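Asker: Mind having a look at this structure? Questions to follow.
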Amino acid sequence: WEQRKFESLFRKSRIKNIHLKYSESDILSVASMEPSANHRHSSDEYMKSYNVIYINDIAFEGHTSKEFKFGRFVMNDRQDGIVSHVFDVFRPITKLSPKFIKYFIHDEAIMQKPLLFSTSNARMLNSLNVGELNNQILSIPSIKEQEKIGKIINVTEFLIAANQCQQKGLEKLISESLNQEIILN
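Numbering (the numbering used here), first residue to last: 1188 to 1372.
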């Protein structure tokens, strides 16, 4: 694995929705990168303040939790859209495997130290100091290794989903059998 500064992997995006290309229906929740369910009418001027986020961009969500002490990064793997101006958006500037980076950048064990040195506690969200973050060192594998790890992650996710689906089917079958037994008795 190679030691790389954050700024050699990602650059802060400064693209705003100033031409109103994106509407309220294009607002993404940073937590899930799904379209936001909370559509409140915003003025055109306010809509221009939103940050544009493209597929494979990452956004910093500064909410703390037991799992994410200093906030977390979430990769957009859903659709192009916009996020609130309170979330910093970063664009990859080197070839990275999206399947790998999605998990790498979201991993607390990997990102805790860089975020410890580049965040400060604000009222509701941790505030990100981009200058400090840019100088943080990350250990990252070569693109070939990223792609191999990404494939392993995909297969693992598929197997977990298949197992959960099978388990739900089994639970439904047992439930139906029990209900049938109750009716017969």
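Virtual Cβ for every residue (Gly too), placed ideally from N, Cα, C. Quick caveat: nothing in here was measured; it's all calculated off a predicted structure.
Taking its Cβ as the centre, do 16 or more other Cβ atoms sit within 10 Å of A1246, making it buried, or is it exposed?
Answerer: Against the sequence shown, residue 1246 aligns to sequence position 59. Buried is the call here.
Asker: Does DSSP put G1258 in a helix, in a strand, or in coil?
Answerer: Within the sequence shown, numbered from 1, the residue matching residue 1258 stands at position 71. If DSSP states are grouped into helix, strand and coil, G1258 belongs with the strands.
Asker: Nearest CA to the CA of L1315: which residue from H1272, D1267 and E1254?
Answerer: Along the sequence shown, read from residue 1 onward, the residue named residue 1315 stands at position 128. Nearest of H1272, D1267 and E1254 to L1315, Cα basis: H1272.
Asker: Can you say whether T1306 is buried or exposed, counting buried as having 16 or more other CB atoms within 10 angstroms of its CB?
Answerer: Position 119 of the sequence shown, counted from the first residue, corresponds to residue 1306. With 16 or more Cβ atoms within 10 Å of its Cβ, T1306 is classed as buried.
Asker: For T1343, which of helix, strand or coil comes out of DSSP?
Answerer: For this step, residue 1343 is matched to residue 156 along the sequence shown. T1343 falls in the helix class under three-state DSSP.
Asker: Excluding five sequence neighbours on each side, which residues of the same chain lie with their C-beta closer than 6 Å to the C-beta of Q1333?
Answerer: The sequence position of residue 1333 within the sequence shown is 146, counting from 1. Here the set comprises S1284 and F1287.
Asker: Kindly indicate which three-state DSSP category K1253 falls into: helix, strand or coil?
Answerer: The residue you call residue 1253 lines up with position 66 of the sequence shown. Coil, per DSSP.
Asker: Using only alpha-carbon positions, find the residue among D1294, V1276 and K1355 that is nearest to N1204.
Answerer: In the sequence shown, the residue the question calls residue 1204 occupies position 17. When only C-alpha atoms are compared, the closest one is V1276.
Asker: By the three-class DSSP mapping on this structure, what secondary structure does A1309 have?
Answerer: Within the sequence shown, numbered from 1, the residue matching residue 1309 stands at position 122. In this structure, A1309 counts as coil in the three-state DSSP scheme.
Asker: Are H1244 and R1265 close, meaning C-beta to C-beta below 8 Å?
Answerer: As a working mapping, residue 1244 is identified with position 57 in the sequence shown. As a working mapping, residue 1265 is identified with position 78 in the sequence shown. Per the sequence shown, residue 1244 should be read as Asp rather than His. Not closer than 8 Å, so no.
Asker: How far does the alpha helix (DSSP H) with N1238 in it reach, from first residue to last?
Answerer: Within the sequence shown, numbered from 1, the residue matching residue 1238 stands at position 51. From DSSP, N1238 is part of no alpha helix (DSSP H) but of the beta strand (DSSP E) over N1238 to I1240.
Asker: Going by C-alpha to C-alpha distance, which of D1213, L1215, G1249 and L1207 sits closest to D1231?
Answerer: Numbered from 1 along the sequence shown, position 44 holds the residue referred to as residue 1231. It is L1207 whose Cα lies nearest to the Cα of D1231.
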